[in-house]
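Reading through the structure tokens given below for one structure.
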Amino acid sequence: METSNHSPFSLAGKTVLVTGASSGIGRATAIACSRMGARLVLTARDQDRLLDTFNQLATCGQDHVQLTADLTNSEQLEALVAALPHIEGAVLCAGNSTTLPLQFGSREKFDEMFDVNFFAPVELMRLMYKKKIFAKGASVVLLASIGGTHSFMPGNGVYGASKAALNAVMKYAAREYASRRVRVNSICPGMVDTPLIHRGTITEEQLAEDAKKYPLGRYGQPDDIAYGAVYLLSDAASWLTGHDLVIDGGFSI
Amino acid sequence: MNIQDFIENFASQFDETELEEFTPETHFKQLDEWSSLTALSIIAMVDDEYDVIIKGNDIINSDTIQDLYDVVERQQK
Chain C
124 METSNHSPFS LAGKTVLVTG ASSGIGRATA IACSRMGARL VLTARDQDRL LDTFNQLATC
184 GQDHVQLTAD LTNSEQLEAL VAALPHIEGA VLCAGNSTTL PLQFGSREKF DEMFDVNFFA
244 PVELMRLMYK KKIFAKGASV VLLASIGGTH SFMPGNGVYG ASKAALNAVM KYAAREYASR
304 RVRVNSICPG MVDTPLIHRG TITEEQLAED AKKYPLGRYG QPDDIAYGAV YLLSDAASWL
364 TGHDLVIDGG FSI
Chain X
7 MNIQDFIENF ASQFDETELE EFTPETHFKQ LDEWSSLTAL SIIAMVDDEY DVIIKGNDII
67 NSDTIQDLYD VVERQQK
């Protein structure tokens with residue numbers, strides 16, 4: 124059988140936007156996409172940490188771009204959109220989490236979580252579509268969570284609700300954006316070892332104990348999620364839209 | 007803040023344990039009702055009532071309600 128150098132999983136020739144690119148899943152996704160041949164547009168709030176990601180990108184002669192922005196600030200979000208080139212792929216990773224029993228989930232706490240996890244990515248995606256920044260056939264990947272769709276552990280309600288709402292918009296966008304052949308999918312990770320989970324509300328001992336509940340014996344690494352994003356961005360996923368891809372080491376089975 | 011208010015706020019995160027069982031000397035993690043969700047509720051209650059962010063380790067390292075009160079009081083200053 125004849126072999127070809129062209130892989131349907133390659134991202135060569137694609138410009139890919141990654142938000143939240145300064146750490147965790149966003150950083151790993153940006154680096155993985157660059158290694159698969161993409162030109163990257165990176166954004167995050169923290170300029171120094173963003174530069175750190177930028178310096179880890181595989182170059183392959185690509186002129187990657189970094190744009191600092193706080194996506195919860197509408198002026199900064201609009202400035203970002205105005206600066207964007209045509210985009211063949213977007214992975215919207217910027218997000219936050221909180222561990223809070225529902226009886227303490229005040230409107231203020233919900234607003235804080237929804238501003239970052241829901242309104243910011245939804246508004247960014249909306250403006251990119253409306254202003255025709257997405258190229259025909261582009262692929263959008265939203266970072267949802269099994270906490271919004273499959274697993275309802277005590278203390279995750281405020282966070283999970285924001286991710287559930289995001290996942291619902293993903294499915295509606297998949298239907299509506301299909302007219303321009305723009306695909307929209309989400310990834311629903313289980314617990315991934317990023318700075319977000321090491322803030323001390325849950326102790327390191329509790330995290331280690333919790334990780335044992337995962338059939339594959341560990342929490343996820345950022346690369347586990349990044350490789351799923353690469354697939355969803357690539358031409359290998361050309362007929363896949365409206366799907367929430369669970370990557371959770373078997374936790375939700 | 008004072009210890010009596012703290013104890014009442016602390017006790018209200020429990021459903022079955024009687025208020026009389028809560029004193030400064032109570033070893034709260036030994037209460038039958040204690041759970042990881044109670045711990046999260048205590049952390050959230052301290053944030054709400056005292057504007058102090060405590061961590062899971064502050065709970066682990068406290069034996070009595072007085073121990074935890076001292077942690078919160080120190081951080082409030």
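Residue numbers (this note's numbering), protein chains in the order written: chain C, 124 to 376; chain X, 7 to 83.
Each residue gets a CB set at the ideal place from its N, CA and C atoms; glycine is no exception.
Asked	Found
How would you list, in chain order, the residues of chain C whose beta-carbon sits under 7 Å from the beta-carbon of A86(X)?	A question about residue 86(X) goes unanswered here, because the residues of chain X that appear run from 7 up to 83.
Compute the distance between the beta-carbons of A334(C) and R341(C), then report whether it is under 7 Å.	yes
Would you give the residue range spanned by the beta strand (DSSP E) that N308(C) belongs to?	306-312
Can you grab the Cα-Cα spacing for the pair R322(C) / I154(C), in whole Å?	24 Å
Among residues of its own chain, excluding the 5 on either side of H209(C), which ones have a beta-carbon nearer than 6 Å to its beta-carbon?	A258
Across the stretch 298-313 of chain C and the stretch 265-276 of chain C, are there enough close Cβ pairs to call them in contact, namely three or more that are closer than 8 Å?	yes
Measuring CA to CA, which of Q179(C), G212(C), S361(C), T176(C) is closest to K108(C)?	This structure cannot speak to residue 108(C), because chain C is shown only from 124 to 376.
Taking the C-alpha atoms as reference points, what is the distance between R304(C) and M293(C)?	14 Å
Please confirm whether P277(C) has its beta-carbon closer than 7 Å to some beta-carbon of chain X.	yes
For L163(C), does the three-state DSSP call read helix, strand or coil?	strand
Buried or exposed: which applies to Y295(C), given that a residue is buried once 16 or more other Cβ atoms fall within 10 Å of its Cβ?	exposed
May I have the straight-line CA-CA distance separating P244(C) from A287(C), to the nearest angstrom?	13 Å
Could you give the residue range of the alpha helix (DSSP H) that holds F16(X)?	9-17
Cβ of G372(C) within 7 Å of Cβ of L339(C)?	yes
Which same chain residues, not among the five before or five after E201(C), have their C-beta less than 8 Å away from its C-beta?	L250
Between A161(C) and L134(C), how many whole angstroms is the CB-CB distance? I'm expecting something under 8 Å.	4 Å
Cα separation between M124(C) and M159(C)?	Bear in mind that a pLDDT of 49 at M124(C), under 50, signals an unreliable position, so the model cannot answer this.
So, does the CB of L43(X) fall closer than 7 Å to a CB anywhere in chain C?	yes
With a cut-off of 8 Å on the beta carbons, I'd call T326(C) and I71(X) a contact; round off their distance for me.	In fact, because the Cβ distance is near 19 Å, the residues do not count as touching under 8 Å.
I want to see whether chain X comes within less than 7 Å of M124(C), judged by CB atoms only; does it?	Unreliable positioning characterises M124(C) in this predicted model, as indicated by a pLDDT of 49, which lies under 50. A coordinate reading is not provided.
Roughly how far, in whole angstroms, is the beta-carbon of L173(C) from the beta-carbon of L165(C), given that I think they are within contact range, below 8 Å?	6 Å
For P318(C) versus L46(X), is the C-beta spacing smaller than 7 Å?	no
Using a beta-carbon distance below 7 Å, is L74(X) in contact with chain C?	no
Pull up the CB-CB distance for L356(C) and C156(C), whole angstroms please, since I reckon it's below 8 Å.	7 Å
Check the Cβ of I325(C) against every Cβ in chain X and list those closer than 8 Å, keeping chain order.	G62
By the three-class DSSP mapping on this structure, what secondary structure does A261(C) have?	strand
Could you give the uninterrupted runs of the beta strand (DSSP E) lying entirely in the stretch 182-267 of chain C, keeping only those of 3 residues or more?	188-191, 210-215, 257-266
Does I71(X) come within less than 7 Å of chain C when only Cβ atoms are used?	no
Can you list, in chain order, the residues of its chain whose CB lies under 8 Å from that of R298(C), leaving out five sequence neighbours each side?	G365
How would you call L43(X), buried or exposed, if buried means at least 16 neighbouring beta carbons within 10 angstroms?	exposed
Quick one: Cα of A217(C) to Cα of T23(X), how far?	42 Å
Less than 6 Å between C-beta atoms, sequence neighbours within five positions excluded: which residues of the same chain meet that for A359(C)?	P131, F132
What in chain C is Cβ-close to D85(X), meaning under 7 Å?	Here chain X has residues from 7 to 83 only, and residue 85(X) is not among them.
Taking all protein chains shown into account, do 16 or more other C-beta atoms lie within 10 angstroms of the C-beta of A205(C), making it buried, or fewer, making it exposed?	exposed
Cβ atoms of A167(C) and G143(C): under 7 Å apart, would you say?	yes
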